[in-house]
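Residue numbers (this note's numbering), protein chains in the order written: chain A, 1 to 116; chain B, 117 to 232.
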């Protein structure tokens, strides 16, 4: 099946710094990628839809200036958590689809962010 | 409005005994239905999917699920649990006329514990 890779898998940073998480589709082109946030022992919450070559679409309540999303190519989307604070600590997961007509999403391994 | 209800937050079984993880959905249209598994600090892996073909769907690792429209259910089963099945399981719904993959609806998750 299609493979989605996230990097880094774990990151620890100081409060006030910015952190970038990468999401790559390794063996397919992904016009659209999705970013989710998962709190401990909870389900996934969609943060934003990342479209190649255009601005991301954010879900209600998600600060676009806090969570910057860039989808510069068909195989790479990045999520940058700016001026991170401890409440931003979470597990972030990306997903991608192989294209129109496909109902299946492939998920990355996730990135655990800890802000001290 | 569409919704997904996973009826059990925790399920505990003995190794070698059957597994039943329950999922009910609410959708105005015929949906696509998925079961994903998540191991600790990992992304989501697709177990199986229903997309309006056969109502009994067979997935990986011996799992299967049956779509029952009359009961609006999509329960996940496995005849014999293995220790490696211990994980979090998510039932996911995508209404066919949702207009986009970002309309995936995640259940709250069921944590499966398997005891020797």
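Just so it is clear, CB atoms sit at the ideal spot from N, CA and C, and this is done for glycine as well. Since we're looking at a predicted model, the values are computed, not measured.
Is the shortest distance between the beta-carbon of residue 109 of chain A and the beta-carbons of chain B less than 8 Å? yes
Quick check on residue 71 of chain A: buried or exposed, where buried means 16 or more other Cβ atoms within 10 Å of its Cβ? buried
Burial state of residue 203 of chain B, where buried means 16 or more other Cβ atoms lie within 10 Å: buried
Counting only beta-carbon atoms, is residue 44 of chain A nearer than 8 Å to chain B? yes
For the 8 Å Cβ check, are there 3 or more pairs between the stretch 46-56 of chain A and the stretch 101-115 of chain A? no
Validate contact between the stretch 190-206 of chain B and the stretch 222-232 of chain B using beta carbons, cut 8 Å, 3 pairs: yes
Could you check where the beta strand (DSSP E) with residue 48 of chain A kicks off and where it finishes? 44-51
Indicate whether at least one CB of chain B lies closer than 8 Å to the CB of residue 63 of chain A. no
Thinking C-alpha only, which one of A:44, A:29 and A:30 is nearest residue 36 of chain A? A:44
Pull the bridge partners of residue 204 of chain B from the DSSP assignment, please. B:154 and B:227
What are the residues of the stretch 147-162 of chain B that lie near chain A, defined by any Cβ-Cβ distance shorter than 8 Å? 148, 150, 152, 157, 158, 159, 160, 161 and 162
May I ask which residues mark the beginning and end of the beta strand (DSSP E) holding residue 70 of chain A? 67-73
Residue 209 of chain B classed as buried or exposed, judged by whether at least 16 other C-beta atoms fall within 10 angstroms: buried
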